[in-house]
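Remember, the working numbering sits 4 above the position in the sequence shown when you count from 1. By construction, the Cβ of each residue, glycine as well, lies at the ideal position given by its N, Cα and C atoms.
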Amino acid sequence: MGPVSAFVVFSVTWFLALFCLLPVRIRSQEEAGDIVPEGSMTGAPSNPNLGIKMIGATILSAIITGVAWYVITHRIVTLDTLERIFG
């Protein structure tokens with residue numbers, strides 16, 4: 005796997021991981037008991053913790069990219085293997 009392929013795998017898995025982590029431990033302004041300012045929706049998150057979620061997405065996608073790199077460079081799964089499995 006070349007550096008461009010590794011970057012593409014990392015980028016795609018990073019965004020997927022981030023979108024999976026976004027709804028985790030979210031409390032709305034109404035649930036948190038905050039005063040909802042005028043013009044804001046009551047369902048808007050009171051504290052989305054985006055920094056922590058970005059770090060988590062980075063760690064998760066680094067692990068997935070590392071596993072993909074290992075599988076591809078050590079030829080554990082090849083196109084011939086996929087052809088035999090899926091026909």
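Run of the alpha helix (DSSP H) containing residue i, from where it starts to where it stops
i: residue 38; result: No alpha helix (DSSP H) holds residue 38; DSSP gives it neither H nor E.
i: residue 80; result: No alpha helix (DSSP H) contains residue 80, which DSSP labels as neither H nor E.
For residue i, three-class secondary structure by DSSP
i: residue 52; result: coil
i: residue 9; result: helix
i: residue 32; result: strand
i: residue 15; result: helix
i: residue 60; result: helix
i: residue 46; result: coil
Integer Cβ distance of residue i from residue j, believed to fall under 8 Å
i: residue 50; j: residue 32; result: 7 Å
Residue i, buried or exposed, once every other Cβ within 10 Å from all chains shown has been counted against 16
i: residue 21; result: buried
i: residue 69; result: buried
*Specify whether the segment 51-65 and the segment 73-85 touch according to this definition: at least 3 beta carbon pairs, one from each stretch, less than 8 Å apart.*
no
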